[in-house]
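For the sequence shown, the residue numbers in my numbering are 14 to 414.
Backbone N, C-alpha and C define an ideal beta-carbon position, used for all residues, glycine too.
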Amino acid sequence: MKTEKIRIKNRNNVTLNAMLDLPVIGKPLAYAMFAHCFTCSGNFRPVRQISEQLVQLGFAVLRFDFTGLGQSEGEFADSHFSANVDDLEDVFQYLADNHQAPELLIGHSLGGAAAIVGAARFAPVKAVVTIGTPATVQHTTRHFSHQLDEIDEKGEVMVNIGGRPFTINKNFVEQFAKTDLPQVVSSLKKPLLILHSPVDRIVDIENAQQLFQQAFHPKSFISLDQADHLLSEDADSRYVGSAIAGWVQRYLPLQKPEPLDTKGEQLVAQLKPAEDGFTTTLQTSLHTFIADEPASVGGANLGPTPYEHLSAGLAACTAMTLKIYAESKKWDLQEVLVYISHNKRHIDDMGKKTFLDVIEKKLEIVGNLDEEQRLKLKEIASKCPVHKTLLGEVVIDTELL
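As structure tokens, then:
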């Protein structure tokens with residue numbers, strides 16, 4: 014996926030840090046927003062991995078840092094629940110004004126509660142997903158319940174949440190009591206997916222049960238067996254991403270765009286410089302793929318370079334040719350690895366310095382084969398059609414349409 018960094022001003026003129034993950038090929042089929050956990054950020058690794066799964070499906074996913082968290086401006090004391098929902102609303106409006114209104118809201122932990130409240134406010138939202146979300150907003154105050162009296166007395170105190178110090182004040186605590194999440198859930202009436210781990214030690218599984226009971230159908234529950242609250246294991250966050258991607262297609266039919274028309278040719282390449290840079294879409298009659306250049310020369314490094322595609326064609330053709338030949342001889346060829354390198358070498362041609370294209374092909378052949386058979390396969394490797402084309406006389410006709 015490709016990621017754009019965005020800075021968004023909220024209603025309090027605080028600049029929020031955001032990242033918009035986009036499909037590499039084509040325009041997004043739909044937009045989603047991800048609200049992270051109480052003390053996390055939009056760049057939290059599990060959030061990125063979940064986003065990757067949705068981008069593969071065709072979604073654009075915006076993940077952002079709430080006020081006072083991550084790389085956003087502001088103080089954490091101003092990042093109470095009501096402020097989180099306001100941030101969510103401001104970011105939602107930014108997407109609606111500049112791209113497309115999100116149809117899917119995803120929230121992790123307290124971010125899930127914000128997603129539920131946001132979904133109730135935003136008409137374009139068609140589906141909501143919560144991950145390890147508490148059944149009440151006040152649940153979060155359990156992290157510092159032993160200091161509530163001190164907060165009343167001093168006005169603000171330093172608390173430790175998840176091993177990190179944060180300064181909170183009385184208003185921060187009071188804001189949590191202003192949202193009746195059970196009431197919001199029961200009146201939501203939008204497709205809801207609840208994901209929760211039965212061994213979550215931060216927000217126990219009973220919270221998921223309460224949310225599920227309060228919600229109306231269509232509603233779904235997926236158990237994240239053995240996962241911790243923060244989805245620390247990559248396998249858990251990837252599973253969550255794939256589960257969301259599978260579930261949401263029932264409620265958001267995603268119409269894949271029509272492939273490029275090859276107009277009867279074998280392949281077409283499309284590039285829009287202002288939008289794509291060097292990223293080029295390639296289309297055959299059945300397959301879509303991309304080419305790009307590395308960042309060092311101004312590309313986005315989202316796909317193989319043109320020369321890497323050339324090398325790939327030679328390598329694939331060589332491997333296939335060896336397969337066909339070995340099968341015809343009934344030889345025990347079990348695996349072929351073809352390594353290709355391309356470079357240009359200086360040569361002195363009649364006193365004139367010039368360049369020569371050199372392609373090095375190295376074969377690793379696995380199987381119950383004797384030396385004579387291996388040498389024969391090496392010989393056959395030079396007879397693949399692409400190899401012959403590269404060494405033969407090639408005519409390229411170019412015309413304008």
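Put simply, of Glu340, Lys18, Gly81 the residue whose alpha carbon is nearest the alpha carbon of Asn25 is Gly81. Three or more beta-carbon pairs separated by less than 8 Å are not found between the region 304-324 and the region 338-347, which leaves the two stretches without contact. Collapsing the DSSP output to three states places Asn25 in coil.
Under the criterion of beta carbons closer than 8 Å, Val27 and Ser85 qualify as touching, at roughly 7 Å.
For Met333, the three-state secondary structure derived from DSSP is helix.
Taking 8 Å as the cut-off, the beta carbon of Leu243 is found no closer than this to the beta carbon of Ser210. For Ile129, the number of other beta carbons within 10 angstroms of its own is at least 16, and it is reported as buried.
Taking the Cα positions, Ile63 is about 19 Å away from Val104. In the DSSP assignment, Ser250 falls within the unbroken alpha helix (DSSP H) covering 247-261.
Look at the beta carbons and you see the region 214-229 not touching the region 131-138: under three pairs across the two are nearer than 8 Å.
Between Leu194 and Ala228, the C-beta spacing is not below 8 Å.
Here the alpha carbons of Asp410 and Gln69 stand approximately 37 Å from one another. Nearest to Ile207 by alpha-carbon distance, out of Glu246, Leu284, Ser245, Val261, is Val261. Taken in chain order, the whole beta strand (DSSP E) runs of length 3 or more contained in the region 360-396 are 365-381. Residue range 232-236 is occupied by the beta strand (DSSP E) that includes Phe234.
Closest option to Asp241, judged by alpha-carbon separation, among Ser233, Ile235, Phe234, Ser250: Ser250. Counting only residues of its own chain and dropping the five nearest sequence neighbours on each side, Gly71 has a CB closer than 8 Å to the CB of Pro36, Gly39, Pro41, Leu42, Ala43, Leu267, Lys269. Using a Cβ-Cβ distance cut-off of 8 Å, the region 251-259 and the region 269-289 are not in contact, since fewer than three pairs of beta carbons, one from each stretch, lie closer than that value. Judged by their CB atoms, Leu123 and Ala132 are not nearer to each other than the 8 Å cut-off. Between Ala73 and Leu29, the CB-CB gap reaches or exceeds 8 Å.
Taking Thr16 as the centre and dropping the five residues before and after it, the same chain places the C-beta of Met32, Leu33, Asp34, Leu35 closer than 8 Å to its C-beta, in chain order.
The beta carbon of Leu75 sits closer than 8 Å to those of Ile19, Ala31, Met32, Leu33, Asp34, Tyr44, Ala45, Met46, Phe47, Val104, Leu108, Pro115, all from its chain and outside the five residues before and after it, given in chain order. About 18 Å separates the CB atoms of Ile372 and Leu390; that is not less than 8 Å, and the two are not in contact. Pairing Thr143 with Val253, the inter-Cα distance amounts to about 10 Å.
Spatial neighbours of Asp247 in its own chain (CB-CB distance under 7 Å, excluding positions within 5 residues in sequence) are listed in chain order as Gln62. Setting aside the 5 residues that flank it on each side, His322 is surrounded in the same chain by Ala304, each with a C-beta closer than 7 Å to its C-beta; the list follows chain order.
Residue state for Thr402 is assigned as helix, using DSSP reduced to three classes.
At a Cβ-Cβ threshold of 8 Å, Arg358 and Leu369 count as neighbours. The criterion of a C-beta distance shorter than 8 Å is satisfied by Thr146 and Asn220. Non-local beta-carbon contacts of Leu205 in its own chain, meaning distances under 6 Å to residues more than five positions away in sequence, involve Val141, Ala228, Lys232 in chain order. As DSSP reads the structure, Phe302 sits in a beta bridge with Leu295.
In the DSSP assignment, Tyr107 falls outside any beta strand (DSSP E) and within the unbroken alpha helix (DSSP H) covering 94-111. Its chain contains Gly326, Leu327, Cys330 as the residues whose beta carbon lies nearer than 7 Å to that of Val399, once the 5 sequence neighbours on both sides are disregarded; these appear in chain order.
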